[in-house]
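Only one structure is covered here, and it is reproduced in the block below.
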Amino acid sequence: MSIVLEQISKHFDGAAAVSDVTVDIAEGEFFVLLGPSGSGKSTLLRAIAGLTPIDHGRILLHGQDVSDVSARDREVGFVFQNYALFRHMTVADNIEFALRARRVPARNRRRRCAELLELVALEGFERRLPTELSGGQQQRVAVARALAHEPRVLLLDEPFGALDAKIREELRRAIRTIQRAVGITTILVTHDQEEAFTMADRIGVMDRGRLQEVGEPRELYARPKTRFVATFLGAANLLLGRYEGGDVRISDSVFPTLHPTPTVPAQGTEATVVIRPEDILIHRAGAAPEALRIGTAKVTGLEFTGSQERIRLSLKSSDTLTSALTPDAPEFIVEAARGAREAESLPLSVGQITAIGAKRIHVLPTRISSVRLLATSEAAEKRLKSSILVRDLAERMNIAPTLHRVDGGHGIERSLSGLSVVVPEQGRDPRRVAALLHTGARQILALVHDDRPVERILIYTQPSRPARDGALSTAGSLLRHMSVDATLLVPADERILYGRRYRDLLDIRQSALRLHGVDVRTESFRGDIIDHLKHCLEADIPTLLLVGVTSTTGRRALIRGLTELAAHRSCAAVLVTSARSETESREAVPDFRRAMLAGVA
Amino acid sequence: MRFSLIGISLAFLALILLIPVASVLAYAFSSGFDAYWQALSTPDTVSAIRLTLLTAAVVVPINTVFGVAAAWAIAKFDFSGKQVLITLIDLPFSLSPVVAGLVFILLFGAQGWFGPWLEQKDISIVFAFPGIVLATLLVTFPYVARELIPVMQMHGRDAEEAAVSLGAGGWTTFFRVTLPTVRWALLYGIILCNARAMGEFGAVSVVSGHIRGQTTTMPLHVEILYNEYDLTGAFAVASLLMLLAVLTLVIKTAIEFVSARQPRPGVR
Amino acid sequence: MRPSALPGFGLTIGTTFAFLGLIVLIPVAALVLKAGSLPLSQLWQIATEPRALASYRLSFGAALLAAALNAVFGLAIAWSLVRYRFPGRRFVDAVIDLPFALPTAVSGIALATVFAPKGWIGQWLEPLGIQVAYSWVGVVVALTLVGLPFVVRSVQPALEDVDASLEEAAESLGAGRWTVFRRVILPAITPALATGFTLAFARGIGEYGSVIFIAGNLPMRTEITPLLIVIKLEQYDYLGAAALGFVMLCMSFAMLLAINALNGWRARRHRGRK
Chain L
1 MSIVLEQISK HFDGAAAVSD VTVDIAEGEF FVLLGPSGSG KSTLLRAIAG LTPIDHGRIL
61 LHGQDVSDVS ARDREVGFVF QNYALFRHMT VADNIEFALR ARRVPARNRR RRCAELLELV
121 ALEGFERRLP TELSGGQQQR VAVARALAHE PRVLLLDEPF GALDAKIREE LRRAIRTIQR
181 AVGITTILVT HDQEEAFTMA DRIGVMDRGR LQEVGEPREL YARPKTRFVA TFLGAANLLL
241 GRYEGGDVRI SDSVFPTLHP TPTVPAQGTE ATVVIRPEDI LIHRAGAAPE ALRIGTAKVT
301 GLEFTGSQER IRLSLKSSDT LTSALTPDAP EFIVEAARGA REAESLPLSV GQITAIGAKR
361 IHVLPTRISS VRLLATSEAA EKRLKSSILV RDLAERMNIA PTLHRVDGGH GIERSLSGLS
421 VVVPEQGRDP RRVAALLHTG ARQILALVHD DRPVERILIY TQPSRPARDG ALSTAGSLLR
481 HMSVDATLLV PADERILYGR RYRDLLDIRQ SALRLHGVDV RTESFRGDII DHLKHCLEAD
541 IPTLLLVGVT STTGRRALIR GLTELAAHRS CAAVLVTSAR SETESREAVP DFRRAMLAGV
601 A
Chain R
1001 MRFSLIGISL AFLALILLIP VASVLAYAFS SGFDAYWQAL STPDTVSAIR LTLLTAAVVV
1061 PINTVFGVAA AWAIAKFDFS GKQVLITLID LPFSLSPVVA GLVFILLFGA QGWFGPWLEQ
1121 KDISIVFAFP GIVLATLLVT FPYVARELIP VMQMHGRDAE EAAVSLGAGG WTTFFRVTLP
1181 TVRWALLYGI ILCNARAMGE FGAVSVVSGH IRGQTTTMPL HVEILYNEYD LTGAFAVASL
1241 LMLLAVLTLV IKTAIEFVSA RQPRPGVR
Chain E
2001 MRPSALPGFG LTIGTTFAFL GLIVLIPVAA LVLKAGSLPL SQLWQIATEP RALASYRLSF
2061 GAALLAAALN AVFGLAIAWS LVRYRFPGRR FVDAVIDLPF ALPTAVSGIA LATVFAPKGW
2121 IGQWLEPLGI QVAYSWVGVV VALTLVGLPF VVRSVQPALE DVDASLEEAA ESLGAGRWTV
2181 FRRVILPAIT PALATGFTLA FARGIGEYGS VIFIAGNLPM RTEITPLLIV IKLEQYDYLG
2241 AAALGFVMLC MSFAMLLAIN ALNGWRARRH RGRK
């Protein structure tokens, strides 16, 4: 490996600029760090160069730990956003600077300088001053300067930011060619998605200081794992469907999922579906569908962009088809794109009714598909809306929470998809949470002392495989977006769950990482879980308790036990995930109404 | 409107600045060039000139080193208390020169903290050359730093960071990368510092002891001659100091011309 | 502290604090401690004796008046330099800085001579009954001279920054020239003007060299505070000098804080405009 980053974190004045970034970059690879401004990508790049010291983690260049090596001795080539050329020096002096600093004899310096000028196609510019060059030429001098001392790593910080579109394209090609010719491992930072796609061997997408996903451009585009990456890389329609076995139902059609999640969620669980605009097919209303049908849509907007036509279509929401961005809206908008030939064969006009289908869908592996705030009173509504925890979570996962007034328990069925958020009211919580679970909720977040940001997650699950899988995959979704430690608490006598053979805690950790992509620590305890949690909560660290349950016995007792924990100041919230099937819950709705009404009365 | 405003401005300038300044030359040469030359070549005057040059030769390098160090620390690094530090560096600007002299009397004078000890060791600071240097150091303390800090802050850290990532050490970075970009500001700071060091009156007057031919700098010598009603002598020495001021302004204007900058704001 | 990749922080910050301590802080602390060694009542007594009070009145009053004069004429000069092109403009622009570079003893004897009853200017004023030299008016004149560049150099860039389109907009809305000045330009340059005024005032309070020649130095009438300190020193009254010096030091700090606050105001104004 050429560049290895291990758990890099950097804070500026208490705010995390980079949190917990781990990535390996291969020899000769062209790696692009892509993200919106303020996502921490430049800070990360500067950390690799040694220009910004890191708070935590390790940086290895070619197997050597350089975390404590000064920028001067890291032997990296760095190209700055505004080039940072030495304006009082000629082009040659700029390029030879690194060699001069290394006391390379003048003859060799001149030879190397000539080589580099040829490489960047600036022969004959030796005696010019940077101010006499165009932006693109300055950029190439900066690249040549950074390569002069033959560094083994080249770092480019938004190198094309200040250039106009045409020169930018030229330079992209030029830099890619130079990089291939030299064979140097390169990291480029940009906020431009197209730049990333055209240049990268692999892309790392950053948001809010976290490296969200890493992958080859095509892979990231076709199969993103998070909402952020799905929407940041190109246009995407985000819909909510429902799992049916390993497949996903959208409206009347069941789509096979090509890359199912490692563990199949229970029947009827909400799924977050990505459909790219170019994968949406538009037919005449009533025509035989060529692809799996989604529904009837009305054309609300047409945009001609030259090579493509972009179409905005309005659809009606249903139980198995709704927008993941506005789950409660009766209608939502889908964007489609088609080429000139298709546009000619079926001309569209605004207001026209059409049938649409999808060639391809992609299901996000995330377990948290929507956030529904269940309010039983005015006060609860206010509390839910102002919760920092909910706001942070929703913001980081790119989910807009929806509010549901469930005073009477009516209409509760639809509100129970996704993550249901409730606030505790004295004495009623166990009953309410139990009732919600009984009714079919799969994820319930009960807010307790959520006025501080959560700093750790403690996970406990009932002793069953589905319970554990449900909890760990939810933890995976959370940890992707939060920089906190997660610990899985395993009863000392229960460590054989993952196989017939006895495995130690490290094995559990390994399989959690493999199956759910979640890095949790494991800790065994003896005795009652509630007592152990009480012990854990004595430390004043805002904690989210994540509890996986099944329908087996002991659930009620467990939930009652959890209620006692609410007395602890450090208990920020309790998240209960349930691994129940759909059918069991349908019958339980009247039950819930009774429980809710009892709560209100 | 336009002409009256310009007229008022010029009249005010003439009355308060130009006529008095012109009078210095007029009085200096009122008794002819020979008298002027004679006034300048008396041993006391020559000694005063020598003392002034010597003081500046000691003070200006010290404050230049300080100014460069302070500007580097302040402009290239973030640390808490930076604003307080800048304010403290500015303190001598708003300090009365007399107070600047007074503090050294209180430290090193006969009744001062170190007075008895110094007397025992037979070291004289106050009413001697070291006192003059110290007082001048204090009054001219902020000049170089004050010119360098804004310019270095404006240039940012990119060039230095580039140099370091290219393998340059601290000194190489400073001399080859930073210094060339701030050289005009540095030069400007130095000449201002020099002008004030050579022309300082109040602070030096308090610590000098006014021993003719020994501890009188040029400005002090002007006072002595003036009080003795040797107007030709006083104005002759004053004309030299004025020449220094005019030279300073000429260099300043030249710097502004060379570095192609607008008249600099916040000059003190 | 945010660590940086650049070298030399330890060296430079160490040098800075060492020099600052040795040259500025320790000497100033000596003054504070000397004044502090007096009982408070005695300190108060020395600081408020009639001669001292008279000197404060003169130092403050003259500095205030000089700063006010500079504010008015400095604004006129800055306006002329920024808005008009006239022969000698560059000369005037360069000459404004002369008081910065001119040793105070030189301006002192020059003013004293020129404004003396028989001097170049004094001879015209005497028949009018105006006595400048050896009166408080002379003090004001001297302080006006040394304070002049502060106002001009503060206001000049601010005036250059005033957006011409703002004025045009105001004029297109039917505002007269005076209204445009009062409502558009003046508010924009007020912070700079205030800064210049404060700088000139601060310089005036402590000024010594240019004043003593022209003032006449009559106790209770034309004796500035710095001179009183010198007189006390000459009488070996170190405690008295320290007490008065302490009062002046406090004034210096107050002025520094005021200037800092004004700079903050200016910076906010500047950001607000962008």
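Protein chains in written order, with the numbering used here: chain L, 1 to 601; chain R, 1001 to 1268; chain E, 2001 to 2274.
Built from N, CA and C at the ideal position, the CB exists for glycine as well.
Note that the structure is predicted; figures quoted are calculated from it, not measured.
Cα-Cα, which of the options is closest to residue i?
i, options, result
"residue 373(L)", "333(L), 328(L), 358(L), 257(L)", "328(L)"
"residue 1132(R)", "2023(E), 2210(E), 2169(E)", "2023(E)"
"residue 2036(E)", "1160(R), 1182(R), 1106(R)", "1106(R)"
"residue 2095(E)", "2150(E), 2124(E), 2178(E)", "2150(E)"
"residue 1198(R)", "1004(R), 1124(R), 1135(R), 1123(R)", "1135(R)"
"residue 155(L)", "117(L), 128(L), 77(L), 219(L)", "77(L)"
"residue 1055(R)", "1193(R), 1228(R), 1250(R), 1225(R)", "1193(R)"
Taking only beta-carbon atoms, is residue i less than 8 Å away from chain R?
i, result
"residue 84(L)", "yes"
"residue 1(L)", "no"
"residue 49(L)", "yes"
"residue 76(L)", "yes"
"residue 2275(E)", "Outside the shown range of chain E, which is 2001 to 2274, sits residue 2275(E), and nothing can be said about it."
"residue 101(L)", "yes"
"residue 500(L)", "Its pLDDT being 40, under 50, residue 500(L) is placed unreliably by the model, and nothing is read from it."
"residue 98(L)", "yes"
"residue 2139(E)", "no"
With 8 Å as the threshold, decide whether the Cβ of residue i is near any Cβ in chain E.
i, result
"residue 8(L)", "no"
"residue 1261(R)", "Confidence at residue 1261(R) is low in this model, with a pLDDT of 48, below 50, so its placement is unreliable and the value that follows should be read with caution. Chain E contact via Cβ: absent."
"residue 52(L)", "yes"
"residue 1249(R)", "yes"
"residue 495(L)", "At residue 495(L) the pLDDT is 49, less than 50, meaning the model places this residue with poor confidence; the figure from the coordinates comes in the next sentence. Not one chain E Cβ lies under 8 Å of residue 495(L)."
"residue 1008(R)", "yes"
"residue 1216(R)", "no"
Using beta-carbon positions only, say whether residue i and residue j come within less than 8 Å of one another.
i, j, result
"residue 34(L)", "residue 184(L)", "no"
"residue 97(L)", "residue 145(L)", "yes"
"residue 2249(E)", "residue 2241(E)", "no"
"residue 1216(R)", "residue 1048(R)", "yes"
"residue 257(L)", "residue 369(L)", "no"
"residue 247(L)", "residue 39(L)", "no"
"residue 479(L)", "residue 422(L)", "no"
List, in order along the chain, the chain L residues whose C-beta lies closer than 7 Å to that of residue i?
i, result
"residue 1164(R)", "71, 72"
"residue 1159(R)", "84, 86"
"residue 1177(R)", "86"
"residue 1172(R)", "101"
Contact defined as beta carbons within less than 8 Å: I believe residue i pairs with residue j. What is the distance between those atoms, to the nearest angstrom?
i, j, result
"residue 574(L)", "residue 547(L)", "7 Å"
"residue 47(L)", "residue 4(L)", "With a Cβ gap of about 13 Å, residue 47(L) and residue 4(L) do not count as contacting."
"residue 1246(R)", "residue 1127(R)", "With a Cβ gap of about 32 Å, residue 1246(R) and residue 1127(R) do not count as contacting."
"residue 416(L)", "residue 441(L)", "4 Å"
"residue 2144(E)", "residue 1016(R)", "6 Å"
Along chain L, in chain order, which residues have C-beta atoms closer than 8 Å to that of residue i?
i, result
"residue 1213(R)", "Under the 8 Å cutoff, chain L gives no residues; its nearest Cβ is about 48 Å from residue 1213(R)."
Is there a Cβ of chain L sitting closer than 8 Å to that of residue i, yes or no?
i, result
"residue 1169(R)", "yes"
"residue 1151(R)", "no"
Under 9 Å between beta-carbons, which chain L residues line up against residue i? List them in chain order, please.
i, result
"residue 2005(E)", "46, 49, 50, 51, 52, 53, 70, 71, 72"
Can you name the residues of chain E whose CB is closer than 8 Å to the CB of residue i?
i, result
"residue 1104(R)", "2027"
List, in chain order, every chain R residue whose beta-carbon is nearer than 7 Å to that of residue i.
i, result
"residue 80(L)", "1158, 1162"
"residue 2080(E)", "1005, 1006, 1009"
For a contact meaning CB atoms closer than 9 Å, what does residue i contact in chain E?
i, result
"residue 1222(R)", "2103, 2105, 2106, 2108, 2109"
Just to make sure I have the definition right: I need the residues of chain R whose C-beta is within less than 9 Å of the C-beta of residue i. Which are they?
i, result
"residue 149(L)", "1166, 1167"
Under 8 Å, CB to CB, which of the residues in the stretch 1113-1143 of chain R have a partner in chain A? Looking at the structure shown, chain A is missing, and the protein chains on hand are L, R and E.
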